[in-house]
Amino acid sequence: MAKLKTALIIATMAVAVAGCQKKRPDTLPPGPGGPVEPGPGPGPGGDGVAQPGSAEHFRQNVVSDTINFDLDQYDIDARARQILDSQAQWLTQYQNTRITLEGHADERGTREYNLALGDRRANAAKNYLAARGVSPSRITTISYGKERPIALGSDEASWAQNRRAVTIVIN
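Under the numbering used here, think of the first position of the sequence shown as 1, with each following residue one higher.
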């Protein structure tokens, strides 16, 4: 009886392993060092010009994709207004483009406090863009708090860079 159980287990495992094997594709990719045909560059003609309405086109045509904030603040200052105005102008031109506004904070404070602050920063930018004619339905917000710093350091220069809201083009 034990031999029969062992044989059944081995047979079941063999069937399971055989069923998991991948089927070899009909066409294999070229091996290493094989001929590679150059594809188009970032733009339609490979000329370095981004596709209109794309994330790269957005970054090329706005003042910046990032606004910064003072310590424990989420108000939109004059520099942030200039940046958001350029973003609103671009977004008005590309009506089908959706964006995500990411809110960030520096490393000081608790995780919960910084998530809430990042949320207020992202929503302040969203409200500003909405006031400039960008439909709020095209904008989502997310807060990363202090979890995604761009400057690694525990000094005022690093903290100032990390207190920000970033506009990300989705499509």
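A virtual CB, placed ideally from N, CA and C, is assigned to each residue, including glycine. The structure presented is a predicted model; accordingly, all values stated were derived computationally and were not measured.
Sixteen is the threshold: when 16 or more other Cβ atoms of the shown chains lie within 10 Å of the Cβ of Q87, as they do, the residue is buried. Annotation for T167: the continuous beta strand (DSSP E) segment containing it runs 164 to 169. Out of G145, M1, T6, the CA that lies nearest to the CA of D72 is found in G145. Note that the C-beta distance between G109 and A122 is not below 8 Å. In this structure, DSSP gives L152 a state outside helix and strand, which the three-state scheme calls coil. The C-alpha of D106 is placed about 16 Å away from the C-alpha of D75. Around the C-beta of L117, 16 or more other C-beta atoms lie within 10 Å, and the residue is accordingly described as buried. Here the segment 130 to 139 does not lie against the segment 45 to 65, with fewer than 3 beta-carbon pairs under 8 Å apart. For T66, the enclosing beta strand (DSSP E) starts and ends at 66 to 68.
Under the three-state reduction of DSSP, T141 is assigned to strand. Under the three-state reduction of DSSP, G118 is assigned to helix. Excluding sequence positions up to five before and after N61, its CB lies within less than 7 Å of the CB of W90, all in the same chain and listed in chain order. Rounded to whole angstroms, the gap between the alpha carbons of A124 and F69 is 11 Å. Short of 7 Å from the beta carbon of R148, and not among the five residues preceding or following it, lie these beta carbons of its own chain, in chain order: H104. Excluding the 5 residues flanking it on each side, Q82 has same chain C-beta neighbours closer than 8 Å at V63, in chain order. L71 carries a coil assignment under DSSP once its states are collapsed to helix, strand and coil.
DSSP places E56 in no beta strand (DSSP E) but in the uninterrupted alpha helix (DSSP H) bounded by 55 to 61.
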